[in-house]
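Below is one structure, written out as structure tokens; comments come after it.
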Amino acid sequence: MTRSPHWLDEGAAHVWRPYCQHRTAPPPLPVVGAGGSRLRLADGRELVDGIASWWTACHGYQHPHIRARIDEQLKRLMHVAFGGLAHEPAYTLARRLADMLPAPLSRVFFVESGSVAVEVALKMCIQHWRNRGQPHKRGIVAFEGGYHGDTFMAMRVSDPHEMHATFAPIVEPLPAVHLPLPAADDGGAFEEALSHVAASSAAVIVEPLVQCAGGMRFHDVTTLERIRAACDEHDLLLVFDEIATGFFRTGAAFAMVRAGVVPDVVTLGKALTGGALPLACAVASEEIFSSFLGDTAERALQHGPTYMGNALACAAAHASLDLFAADDYGARVPALEEKLARGVAPLRSHPDVTDVRVFGGIGVVEMKPGTAPKSEAFVDRGAFIRPLRARTSDVVYLMPPLVIGDNDLAVLFTAIRASLER
Ligand SMILES: *Cc1c(COP(=O)(O)O)cnc(C)c1O
Numbered sequence: 001m002t003r004s005p006h007w008l009d010e011g012a013a014h015v016w017r018p019y020c021q022h023r024t025a026p027p028p029l030p031v032v033g034a035g036g037s038r039l040r041l042a043d044g045r046e047l048v049d050g051i052a053s054w055w056t057a058c059h060g061y062q063h064p065h066i067r068a069r070i071d072e073q074l075k076r077l078m079h080v081a082f083g084g085l086a087h088e089p090a091y092t093l094a095r096r097l098a099d100m101l102p103a104p105l106s107r108v109f110f111v112e113s114g115s116v117a118v119e120v121a122l123k124m125c126i127q128h129w130r131n132r133g134q135p136h137k138r139g140i141v142a143f144e145g146g147y148h149g150d151t152f153m154a155m156r157v158s159d160p161h162e163m164h165a166t167f168a169p170i171v172e173p174l175p176a177v178h179l180p181l182p183a184a185d186d187g188g189a190f191e192e193a194l195s196h197v198a199a200s201s202a203a204v205i206v207e208p209l210v211q212c213a214g215g216m217r218f219h220d221v222t223t224l225e226r227i228r229a230a231c232d233e234h235d236l237l238l239v240f241d242e243i244a245t246g247f248f249r250t251g252a253a254f255a256m257v258r259a260g261v262v263p264d265v266v267t268l269g270k271a272l273t274g275g276a277l278p279l280a281c282a283v284a285s286e287e288i289f290s291s292f293l294g295d296t297a298e299r300a301l302q303h304g305p306t307y308m309g310n311a312l313a314c315a316a317a318h319a320s321l322d323l324f325a326a327d328d329y330g331a332r333v334p335a336l337e338e339k340l341a342r343g344v345a346p347l348r349s350h351p352d353v354t355d356v357r358v359f360g361g362i363g364v365v366e367m368k369p370g371t372a373p374k375s376e377a378f379v380d381r382g383a384f385i386r387p388l389r390a391r392t393s394d395v396v397y398l399m400p401p402l403v404i405g406d407n408d409l410a411v412l413f414t415a416i417r418a419s420l421e422r
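For what it's worth, the numbering used here labels the leading residue of the sequence shown as 1, then goes sequentially.
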């Protein structure tokens, strides 16, 4: 490797990196450009990005249509506060998202990050019951293995033993419980467990079909059908966190569409802008929205981020939705799924590999804890891949741009195979 650029050396003493042990971590890779599925480093090397910048860059990097749409918006209006003011990109985007989502999801609250979308979704549910004269319905039912973000309530509803173990004792007073996901052989244990906490609960939150950051675990439609039925029986709202699964990652526009199960609130983020700019949202049913109507300010939703509905981010989201509408992602993703399955299948027989599985645009090689190669091993072979390290397993996964070409996919598969064989 050649010398690192001066901005990296000079800035390194002042930047605090995410989930990073600064004492032992190697320096970050300086990226000076990107295009398609590739990152270009300062020393001229190119890496195929196996994880699409935390699953956002679904159309590939620097897509000309997204750039053009942002450029166009840049000339008119970058940002204006959402309190008392309105702008076209946000209002047309809200309408467009509502048209894309199944009924009754129709009211869009924009925020700047997924974690905040989760906070808002849960606040909507808790305040909904409060506004309806049932303030005792305030707890949240979440699932083991889930991940919903890094802010406090998002940590509370994420799996307490995985990424947020450090803060588990701090967030514990926030009202929430974790249950195992309904499983075919649980003999009704889920319904039984839920019945004990339902009376004091406002909502159930789940990542539909795939629990992503918690270990890329898949579950079937029946699981979601049972959760929906139990919510209906006990008068609980259902929140789907589709921040990772939304926008064709599972093959359908949303996991809820693929599953045929519709929640009362959904959170969206990550691929919403095609990886260009930060934007997320919580989308609620009109029924939930209506319980916030009344004569008092207290009855209104108590939230309002400074950069809510940023106009440039909304323009990027429009461009991303244009691309989804113009190009047949419904056919593209099953083709990617097949290629991922063929690519990871040969690893099944590796002694450290405990499972390989593929769903939509997600390919997973699960390994014994502590055995996954470090990121550097993949980088040496031209691939950017960051394994998840959970308590019970290491997870080498691919969530590449949905448009990734065969040659770039081959680089990823070869890098994984070679790193495991070393
Ligand atoms: C990434 C993620 C979040 C958090 O989103 P941020 O934008 O990182 O705050 C929440 N839920 C799920 C399912 C995610 O994958």
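For every residue, glycine included, the Cβ atom is placed at its ideal position computed from N, Cα and C.
Where the alpha helix (DSSP H) through residue i begins and ends
| i | result |
| --- | --- |
| residue 125 | 114-131 |
| residue 10 | 6-11 |
| residue 153 | 152-157 |
| residue 404 | Where residue 404 is concerned, there is no enclosing alpha helix (DSSP H), given that its DSSP letter is neither H nor E. |
| residue 93 | 88-100 |
| residue 257 | 255-259 |
| residue 375 | 375-379 |
With 16 other Cβ atoms within 10 Å as the buried cut-off, status of residue i
| i | result |
| --- | --- |
| residue 165 | exposed |
| residue 24 | exposed |
| residue 147 | buried |
| residue 245 | buried |
| residue 85 | exposed |
| residue 374 | exposed |
| residue 268 | buried |
| residue 91 | exposed |
| residue 312 | buried |
| residue 366 | buried |
| residue 58 | buried |
Host beta strand (DSSP E) of residue i (start-end)
| i | result |
| --- | --- |
| residue 241 | 237-241 |
| residue 267 | 265-268 |
| residue 393 | Note, residue 393: premise wrong, no beta strand (DSSP E); not H, not E. |
| residue 144 | Careful: residue 144 lies outside any beta strand (DSSP E) and carries neither H nor E. |
| residue 298 | Unbroken run through residue 298: none, as it is neither H nor E. |
| residue 367 | 362-367 |
| residue 285 | 280-285 |
| residue 106 | 105-111 |
Alpha carbon of residue i to alpha carbon of residue j, nearest angstrom
| i | j | result |
| --- | --- | --- |
| residue 405 | residue 126 | 45 Å |
| residue 329 | residue 337 | 12 Å |
| residue 22 | residue 12 | 10 Å |
| residue 346 | residue 398 | 15 Å |
| residue 198 | residue 237 | 11 Å |
| residue 343 | residue 335 | 12 Å |
| residue 172 | residue 156 | 7 Å |
| residue 134 | residue 327 | 46 Å |
| residue 408 | residue 129 | 50 Å |
| residue 191 | residue 184 | 12 Å |
| residue 100 | residue 252 | 11 Å |
| residue 158 | residue 68 | 37 Å |
| residue 247 | residue 208 | 13 Å |
| residue 230 | residue 223 | 11 Å |
| residue 263 | residue 120 | 15 Å |
| residue 47 | residue 289 | 45 Å |
| residue 203 | residue 123 | 10 Å |
| residue 33 | residue 212 | 27 Å |
| residue 193 | residue 167 | 25 Å |
| residue 339 | residue 178 | 35 Å |
| residue 163 | residue 372 | 17 Å |
| residue 27 | residue 77 | 37 Å |
| residue 241 | residue 321 | 19 Å |
| residue 348 | residue 333 | 23 Å |
| residue 445 | residue 187 | Residue 445 lies beyond the residue range present for the chain, which begins at 1 and ends at 422; the question has no answer from this structure. |
| residue 413 | residue 403 | 16 Å |
Of the listed residues the options, nearest to residue i (C-alpha basis)
| i | options | result |
| --- | --- | --- |
| residue 294 | 305, 178, 132, 86 | 132 |
| residue 400 | 53, 18, 319 | 53 |
| residue 419 | 225, 357, 389, 352 | 352 |
| residue 44 | 67, 56, 5 | 5 |
| residue 36 | 98, 66, 27, 182 | 66 |
| residue 141 | 73, 185, 195 | 195 |
| residue 275 | 105, 386, 112 | 112 |
| residue 71 | 396, 51, 318 | 318 |
| residue 266 | 277, 8, 316, 109 | 109 |
| residue 383 | 95, 51, 291 | 51 |
| residue 225 | 202, 372, 255 | 255 |
| residue 308 | 62, 221, 176, 116 | 116 |
| residue 10 | 30, 59, 358 | 30 |
| residue 282 | 60, 364, 106, 414 | 106 |
| residue 160 | 341, 144, 174, 175 | 144 |
Residue i: CB within 7 Å of a non-hydrogen atom of ligand 3
| i | result |
| --- | --- |
| residue 148 | Among the ligands in the structure shown, ligand 3 does not appear; only ligand 1 can be found there. |
What are the start and end residues of each continuous alpha helix (DSSP H) run of 4 or more residues lying completely inside the region 15-77, in chain order?
52-55, 64-76
Which complete alpha helix (DSSP H) runs does the region 157-226 hold, if anything under 4 residues is left out?
168-171, 189-197
Whole runs of the alpha helix (DSSP H) within the region 323-355, excluding any shorter than 4 residues:
329-344
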